[in-house]
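Report on the following structure.
Protein chains in written order, with the numbering used here: chain A, 6 to 311; chain B, 613 to 1155.
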């Protein structure tokens, strides 16, 4: 119970825009859960509701089984990084952590510990106004870790990080999950989460489109797709379409076929005497899986409206 | 996937309560240099402006540069005690009676304050006219020394019969002016330490005006008729200039008859109480004939008829209102207010930005994440900003007032310790509550510019309009200082206003329409309403 986030049927409207439309998912301990979706899908709104900053119109958001506003020393229950730029520029990094520590009844020692963890010990006494975005992200991570919480929630933590920083962040997040923490990381770029997330919650238009492990998603996205190399593209497209396949030209002399297994593809081509050089089962990347999922969501929404 | 045990932190959670929030907000405040500097600037402005102020002696300057020290009355407060007293000793209980048949006077309409242009039979540059608070009547006074206890029953130029005691006491008796056709009978009866005053139109039907108890009245006191006429005050003011006052000496002459003093048979002595040395045309002489004004400012007396006198006098026996023509010195409030006012602006800006800076950077979300109970966060913020501005205000106004009083010496009439404490603590509290009001406006407006503008319009502007002479009618200025937060400035008023002393009771002279703590409560009401609205909005609004 401690290391979880549970969302049930969250709805939130901003004026005419329905930002959340029944957002439901659970974040479990011991893994990094990627929270992905295009900009405007409702990721940040969901996170603000989890932290009690915005009030949901309907539904519930529980952290460790309790609504956020009921938590005592909340930073020991969930650490969050929403906006790395939310700093008073004239205050030093250490003093920023110090007031946060004081608000939780923690001392200066804990602030120094997390500065060390985030690799900021050398700039502790510098004003945050001069920090790069990457340094601010690290300070935000330090603040999230201040209460040593079992749940962590980071909104776009890779933003503005240099390649070294991204590598550090990935290792850091994996390490936190390995300790048994629940880690929720949002991103609008699936590629950032590759090799980091164990589980993915894909959202679009304010609701969950897919909630599955990374392996399951890739398998599903790869589906029954087949890649075909042929010098006779036009004839192949016609023959395969007649056999009931959906065919897309994905390169010079390359077709990607869906809705038709590789065996039946070969049979159809052979029957029509169309030459081909290669038939392979397609393996989707995470990015492709994501694109497919979100595109479907858009189509579904468009269809539902008409 | 292998199941991993949920994380258990080895870090012991700290205490979670309001004290932790207070500490966090204090850490926030002290770690932003701009806010700390802003408060220091406020202190320096208050002290700096306060100490550059000048204080003068007013009309009673003796021309040597030193201000004459005001005498103090039985209560310890400064008093004005200068008039002409015709008296005999009265031992033990007894009665004084007299009939007043006329009270006339002369004054200088131009506010002339130079040496009196006197000549035989005339007072050049003067016109006939009696001051509204010119006084003629009978008195029982501990001695002819200044500041001693007394009770008096008297007729006035325009305020009817009054029973007055120990400089501040004032009870109304028969209304209307006195004349030969409508004389006033006056009687004082001493019984132990209490003195009762009776007035009558005919000397047979008496009515009690009032009974007062005088502490410090010796067994043998001085009793008899007296006359006083406060200096007139000419006020000139125009937009943007501080009101200037010109004070001019005046003289009143009263006719008494049927003067009777029980158990006495001695000779009447005339004394110019308060002496004449410091007065232009000093000296002391009897009035030798009607219209003779050879020594007009110290007064005199002349027997007339049976048991009658004509008594001529100048001056006043009343509380010392420093700004009055007969008052001495300057109220330190004026000096304190301008410095406080500038300090207030700085503190209001700090108070508003203590929250708007968080909105500007989005830091408010971090704050509310750390402490989800929003009203408690706001209360902690308000307490911290109030404590900081109160401490700074205490230091600033304390130093300013004490140094100012010390520097001015006798130019400022003595203040009681209680009044000084009220002025210092009250002004510090004024700054603290105004900063909380600004903080609440900051929550409502969220943007720094909007919040500071709102605070300026609500707190600063009404004070300026009320303070600058001629910017509005005095009635409108009074109302501004009754209903706007600037009413709180009343806590810095040094001396009370007295209806029986004519003076420019204006904000820029250090006088406010509401009583000190009432004015402060008006400010508190504003802050409370703004705080409640801010707490409501903060609690309901998405952060």
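Even for Gly, the Cβ is constructed at its ideal location relative to N, Cα and C.
Within 10 angstroms of the Cβ of residue 204 (chain A), are there 16 or more other Cβ atoms? Answer buried if so, exposed if not. Locating residue 204 (chain A) in the first chain gives position 199, counting from the first residue. The residue is buried, with at least 16 neighbouring Cβ atoms inside 10 Å.
Whose C-alpha, out of B:691, B:882 and B:1103, is nearest the C-alpha of residue 931 (chain B)? Within the second chain, numbered from 1, the residue matching residue 931 (chain B) stands at position 319. Per the Cα distances, B:691.
For residue 830 (chain B), count neighbouring C-beta atoms within 10 Å of its own C-beta (all shown protein chains included) and say buried if the count is 16 or more, exposed if not. Looking up residue 830 (chain B) in the second chain gives position 218. Here residue 830 (chain B) is exposed. Its C-beta has fewer than 16 other C-beta atoms within 10 Å.
Of all Cβ atoms in chain A, is any one closer than 8 Å to the Cβ of residue 995 (chain B)? If you number the second chain from 1, residue 995 (chain B) lands on position 383. Residue 995 (chain B) does not count as touching chain A.
Going along chain B, which residues have a C-beta under 8 Å from residue 291 (chain A)? As a working mapping, residue 291 (chain A) is identified with position 286 in the first chain. Contact annotation for residue 291 (chain A) against chain B: no contact, minimum CB-CB distance about 17 Å [criterion: below 8 Å].
N-terminal and C-terminal residue of the beta strand (DSSP E) that residue 708 (chain B) is part of: Locating residue 708 (chain B) in the second chain gives position 96, counting from the first residue. It spans 706-719 - the beta strand (DSSP E) in which residue 708 (chain B) sits, taken as one unbroken run.
Against chain A, does residue 621 (chain B) count as a neighbour if the rule is that its beta carbon must be under 8 Å from one of theirs? As a first step, residue 621 (chain B) must be located in the second chain, where it is residue number 9. Interface residue, yes.
Buried/exposed call for residue 732 (chain B), threshold 16 Cβ in 10 Å: Along the second chain, one-based indexing puts residue 732 (chain B) at 120. Any reading at residue 732 (chain B) needs caution, since the residue's pLDDT is 40, under 50, leaving its predicted position unreliable; the model's value is listed next. Residue 732 (chain B) comes out exposed.
What residue does the beta strand (DSSP E) around residue 221 (chain A) start on, and which one ends it? Position 216 of the first chain, counting from 1, holds the residue named residue 221 (chain A). No beta strand (DSSP E) contains residue 221 (chain A), which is instead part of the alpha helix (DSSP H) from 219-227.
Are the C-beta atoms of residue 280 (chain A) and some chain B residue less than 8 Å apart? Translated into positions along the first chain, residue 280 (chain A) becomes position 275. Not closer than 8 Å to any Cβ of chain B, the Cβ of residue 280 (chain A) fails to qualify, so no.
Quick one: measure Cβ to Cβ for residue 232 (chain A) and residue 275 (chain A), integer angstroms, because I've assumed they're closer than 8 Å. Stepping through the first chain from its first residue, residue 232 (chain A) is reached at position 227. Stepping through the first chain from its first residue, residue 275 (chain A) is reached at position 270. Between residue 275 (chain A) and residue 232 (chain A) the Cβ distance is about 17 Å, and since that is not below 8 Å, they are no contact.
Nearest-angstrom Cα separation, counted from residue 704 (chain B) out to residue 879 (chain B): Here residue 879 (chain B) corresponds to residue number 267 of the second chain, with the count starting at 1. Here residue 704 (chain B) corresponds to residue number 92 of the second chain, with the count starting at 1. Near 18 Å, if we compare the C-alpha coordinates of residue 704 (chain B) and residue 879 (chain B).
Kindly indicate which residue of A:39, A:109 and A:40 has the alpha-carbon position closest to the one of residue 636 (chain B). Here residue 636 (chain B) corresponds to residue number 24 of the second chain, with the count starting at 1. Checked all of A:39, A:109 and A:40; the closest Cα to residue 636 (chain B) is A:109.
Might you give, ordered along the chain, the residues of its own chain that have their beta carbon closer than 6 Å to the beta carbon of residue 311 (chain A), omitting 5 neighbours on each side? Your numbering for residue 311 (chain A) matches position 306 in the first chain. Here the model assigns residue 311 (chain A) a pLDDT of 36, short of 50, so the residue's position is not dependable and the matter cannot be decided.
Which of the three DSSP states is assigned to residue 166 (chain A) in this structure? To locate residue 166 (chain A), count along the first chain from 1; it is residue 161. DSSP, reduced to helix, strand and coil, places residue 166 (chain A) outside both helices and strands of the structure shown, so it counts as coil.
Compare the C-alpha of residue 1106 (chain B) against each of B:1032, B:693 and B:990 and name the closest. Working through the second chain from its first residue, we reach residue 1106 (chain B) at position 494. The shortest CA-to-CA distance from residue 1106 (chain B) to any of B:1032, B:693 and B:990 is the one to B:1032.
Within 8 Å, strictly: CB atoms of residue 1001 (chain B) and residue 1054 (chain B): Residue mapping note: residue 1001 (chain B) aligns to position 389 of the second chain, counting from 1. Residue mapping note: residue 1054 (chain B) aligns to position 442 of the second chain, counting from 1. No, they are not a contact pair.
Check the Cβ-Cβ distances between residue 104 (chain A) and every residue of chain B, and say whether any is below 8 Å. Stepping through the first chain from its first residue, residue 104 (chain A) is reached at position 99. Yes - at least one Cβ of chain B is within 8 Å of the one on residue 104 (chain A).
Taking CB distances under 8 Å as the criterion, tell me whether residue 129 (chain A) reaches chain B. As a working note, residue 129 (chain A) is residue 124 in the first chain. Closer than 8 Å: no.
Residue span of the alpha helix (DSSP H) that contains residue 1076 (chain B), given as start and end: Position 464 of the second chain, counting from 1, holds the residue named residue 1076 (chain B). If you look at residue 1076 (chain B), you'll find it in the alpha helix (DSSP H) that goes 1073-1079.
Mind checking which residues open and close the alpha helix (DSSP H) that includes residue 232 (chain A)? Counting from one through the first chain, the residue named residue 232 (chain A) turns up at place 227. Per DSSP, residue 232 (chain A) belongs to no alpha helix (DSSP H); it is in the beta strand (DSSP E), 231-234.
Going by the beta-carbon positions, is the gap between residue 652 (chain B) and residue 996 (chain B) smaller than 8 Å? One-based indexing of the second chain puts residue 652 (chain B) at position 40. One-based indexing of the second chain puts residue 996 (chain B) at position 384. No, the Cβ-Cβ distance between residue 652 (chain B) and residue 996 (chain B) is not below 8 Å.
Sorted by chain position, which residues of the same chain lie with C-beta nearer than 8 Å to residue 794 (chain B)'s C-beta, five sequence neighbours on each side aside? In the second chain, residue 794 (chain B) corresponds to position 182, counting from 1. Same-chain partners within the cutoff: 788 and 813.
Counterpart residues of residue 216 (chain A) in DSSP-defined beta bridges: In the first chain, counting from the first residue as 1, residue 216 (chain A) sits at position 211. Paired residues: A:206.
Looking only at C-alpha atoms, which of B:874, B:953 and B:933 sits nearest to residue 660 (chain B)? Looking up residue 660 (chain B) in the second chain gives position 48. Per the Cα distances, B:953.
How many angstroms separate the CA atom of residue 213 (chain A) from the CA atom of residue 28 (chain A)? On the first chain, position 208 is the one that residue 213 (chain A) refers to. On the first chain, position 23 is the one that residue 28 (chain A) refers to. Each residue's alpha carbon lies about 6 Å from the other.
Could you give the DSSP three-state label for residue 816 (chain B): helix, strand or coil? Position 204 of the second chain, counted from the first residue, corresponds to residue 816 (chain B). It is coil, neither helix nor strand.
For residue 1069 (chain B), does the three-state DSSP call read helix, strand or coil? Numbered from 1 along the second chain, position 457 holds the residue referred to as residue 1069 (chain B). DSSP places residue 1069 (chain B) in helix when its eight states are reduced to three.
So with Cβ pairs under 8 Å, would you call residue 11 (chain A) a contact of chain B? Position 6 of the first chain holds residue 11 (chain A). Under the 8 Å criterion on CB atoms, residue 11 (chain A) is classed as non-interfacial with respect to chain B.
Grouping DSSP H, G and I as helix and E and B as strand, with all else coil, what is residue 700 (chain B)? Taking the first residue of the second chain as 1, we reach residue 700 (chain B) at position 88. Looking at residue 700 (chain B) - three-state DSSP - the assignment turns out to be strand.
Verify the CB distance criterion: does residue 645 (chain B) have a CB-CB separation below 8 Å to chain A? Here residue 645 (chain B) corresponds to residue number 33 of the second chain, with the count starting at 1. It does; some Cβ of chain A falls within 8 Å.
What in chain B is Cβ-close to residue 88 (chain A), meaning under 8 Å? Sequence index remark: in the first chain, residue 88 (chain A) carries index 83 (1-based). Neighbours of residue 88 (chain A) in chain B, taken as residues at a C-beta separation under 8 Å, are given in chain order as 974 and 977.
Quick one: residues in its chain with C-beta nearer than 8 Å to the C-beta of residue 15 (chain A), no 5 flanking neighbours on either side, listed in chain order? Residue mapping note: residue 15 (chain A) aligns to position 10 of the first chain, counting from 1. So the list reads 25, 27, 28, 29, 51, 54, 61, 63, 64, 65 and 66, once near-sequence residues are dropped.
Verify whether the separation of the beta carbon atoms of residue 226 (chain A) and residue 37 (chain A) is less than 8 Å. Taking the first residue of the first chain as 1, we reach residue 226 (chain A) at position 221. Taking the first residue of the first chain as 1, we reach residue 37 (chain A) at position 32. No, the pair does not count as a contact, with Cβ atoms beyond the cut-off.
For the 8 Å Cβ check, are there 3 or more pairs between the stretch 82-96 of chain A and the stretch 157-171 of chain A? yes
Neighbour list for residue 1119 (chain B) in chain A, Cβ cutoff strictly below 7 Å: The count along the second chain starts at 1 and reaches residue 1119 (chain B) at position 507. Simply none; closest approach about 38 Å.
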